[in-house]
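Position one of the sequence shown corresponds to residue 364 (the working numbering), numbered consecutively onward.
Where a beta carbon is used, it is the ideal one built from N, C-alpha and C, also for glycine.
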Amino acid sequence: MKKRGEKIAVLTSYDASFTAVLESAGVEVLLVGDSLGMVIQGLESTLPVTVRDMVYHTRVVARAHSMSLLIADMPFMSYDTPARALETGKGLMQAGGAHMVKLEGGAEQTDTVAYLVANGIPVCAHLGLLPQSVYKLGGYKVQGRDADSARKIREDALALERAGASLLVLECVPASLAAEITGALEIPVIGIGAGAGCDGQVLVLYDMLGITPRKMPRFVKNFLAETGSIKAAIAAYVAAVKDGSFPAPEHSY
Ligand code: KIV
């Protein structure tokens, strides 16, 4: 799809019923995100989410899934060594039914990425705002605004691709930086708060339906508000990602 210039529509999913709706609306990639800690479990952050939680939700999503690529997040501290990452990846794929796992972090994760890929586990990397490092970052803030941090994100992206990552999620970075990285990488770059220049977009499902009970960041659009039904909201999101109208400048940094 990247080579054809076709935008990739991604959303998070955590259960079987929504998975069926998402697939019928044309969502191509489903992410069982550890955001489930915040939107399903009512936690303050994603940090307390366990491998067991992730396997459970991945399994129920996999039960309803048919066509889409199914990615599952590796939760906090479940990939702090390559050996532990392999155990976590094995659980998410064998017991959960995931096709790919996602992990957060840059060059420090390249050994882990290479080890997973060598063992047959495809990896989606995640750079920019890293929710599992929220306390290290000092909050949910835009990353890569100054020249040094932008250079680090750019170099990390190239290193992760060289290590064998198949996809990259870029969260909350300036649109110009995301577009530059998207052009420099061969693998698809999926943006969230990263502007329209990425190869695809992802949002947290409950955020784009406007049912998350907290203040929404600038990059979220409530698609339910203008469509009136869940099916129509998801179809509108897919159409807007495909034609490049979402994210608009007001959703970008
Ligand atoms: O956990 C999640 O839902 C994510 C997305 C925000 C990309 O990582």
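From V390 to K584, what distance separates their C-alpha atoms? Here residue 390 corresponds to residue number 27 of the sequence shown, with the count starting at 1. Here residue 584 corresponds to residue number 221 of the sequence shown, with the count starting at 1. As the crow flies, the alpha-carbon of V390 is around 17 Å from that of K584.
From the DSSP output, in three-state form, read off D511 for me. What you label residue 511 is simply residue 148 of the sequence shown in a count that begins at 1. In the structure shown, the three-state DSSP call for D511 is helix.
Would you give the residue range spanned by the beta strand (DSSP E) that K370 belongs to? The residue given as residue 370 occupies position 7 in the sequence shown. Where K370 is concerned, there is no enclosing beta strand (DSSP E), given that its DSSP letter is neither H nor E.
Any contact of the segment 426-436 with the segment 367-384, i.e. 3+ C-beta pairs under 8 Å? Short answer: they touch.
Contact between the segment 463-477 and the segment 513-533 (3+ Cβ pairs under 8 Å): Output reads yes: the segment 513-533 touches the segment 463-477.
Under 8 Å, with one C-beta from each stretch per pair, do the segment 430-438 and the segment 386-403 reach the 3-pair mark? In this structure the segment 430-438 touches the segment 386-403; the number of beta carbon pairs closer than 8 Å is three or more.
Should the segment 487-507 be regarded as contacting the segment 445-455, the criterion being three or more beta carbon pairs within less than 8 Å? Look at the beta carbons and you see the segment 487-507 not touching the segment 445-455: under three pairs across the two are nearer than 8 Å.
Note down the Cα distance separating K453 from E534, rounded to an integer number of angstroms. The sequence position of residue 453 within the sequence shown is 90, counting from 1. The sequence position of residue 534 within the sequence shown is 171, counting from 1. Cα to Cα, K453 sits roughly 26 Å from E534.
Once you ignore the five residues that flank V423 on each side, which residues in its own chain have a CB closer than 6 Å to its CB? For the purposes of this step, residue 423 is identified with residue 60 of the sequence shown, where counting begins at 1. Taking C-beta separations shorter than 6 Å and ignoring five residues to either side along the sequence, the partners of V423 in its chain run D378, A379, following chain order.
Extract the residue ranges of the alpha helix (DSSP H) inside the segment 440-497, only unbroken runs of 4 or more that lie entirely within it. Correct list: 445-453, 473-481.
Let me check understanding here. Comparing Cα to Cα, which of M456, G459, L466, C561 lies closest to D443? The residue you call residue 443 lines up with position 80 of the sequence shown. The shortest CA-to-CA distance from D443 to any of M456, G459, L466, C561 is the one to L466.
Is L394 near ligand 1, judged by its Cβ being under 8 Å from some heavy atom? In the sequence shown, the residue the question calls residue 394 occupies position 31. Yes, Cβ of L394 sits closer than 8 Å to a heavy atom of ligand 1.
T375 CB to nearest heavy atom of ligand 1 below 8 Å: Residue mapping note: residue 375 aligns to position 12 of the sequence shown, counting from 1. Within the cutoff, so yes.
Within 9 Å, strictly: CB atoms of V536 and Y616: As a first step, residue 536 must be located in the sequence shown, where it is residue number 173. As a first step, residue 616 must be located in the sequence shown, where it is residue number 253. Yes.
Which residue wins for smallest C-alpha separation from S398, given the options D570, A588, F582? Position 35 of the sequence shown holds residue 398. Considering only alpha carbons, the answer is D570.
Within its chain, find whatever has a CB closer than 6 Å to the CB of A557; leave out the 5 residues flanking it on each side and keep chain order. Stepping through the sequence shown from its first residue, residue 557 is reached at position 194. Residues of the same chain with a CB within less than 6 Å of the CB of A557, apart from the 5 flanking positions on each side, are L533, V536, A541 in chain order.
Buried or exposed: which applies to G368, given that a residue is buried once 16 or more other Cβ atoms fall within 10 Å of its Cβ? Taking the first residue of the sequence shown as position 1, residue 368 is located at position 5. Exposed, by the Cβ-count rule.
Burial state of D519 (16 or more Cβ within 10 Å): Residue numbering aside, residue 519 sits at position 156 when the sequence shown is read from its first letter. Label assigned to D519: buried.
Would you mind working out which of L385, M364, K370 sits nearest I597, comparing C-alpha positions? Looking up residue 597 in the sequence shown gives position 234. Looking only at L385, M364, K370, the smallest Cα-Cα distance to I597 is reached by L385.
Measure the alpha-carbon distance for Q495 versus H489 and round it to whole angstroms. Locating residue 495 in the sequence shown gives position 132, where the first residue counts as 1. Locating residue 489 in the sequence shown gives position 126, where the first residue counts as 1. Answer to the nearest angstrom: the Cα atoms are 11 Å apart.
Exposure label - M364; buried when at least 16 CB within 10 Å: Residue 364 sits at position 1 when you count from the first residue of the sequence shown. The residue in question, M364, is exposed, as its Cβ has fewer than 16 Cβ neighbours within 10 Å.
Please confirm whether any heavy atom of ligand 1 lies closer than 8 Å to the CB of K465. The residue labelled residue 465 in the question sits at position 102 within the sequence shown. Result yes, Cβ under 8 Å from ligand 1.
Just the C-alpha distance for L548 and I371, rounded to the nearest angstrom, thanks. Looking up residue 548 in the sequence shown gives position 185. Looking up residue 371 in the sequence shown gives position 8. Going by the C-alpha atoms only, they are around 16 Å apart.
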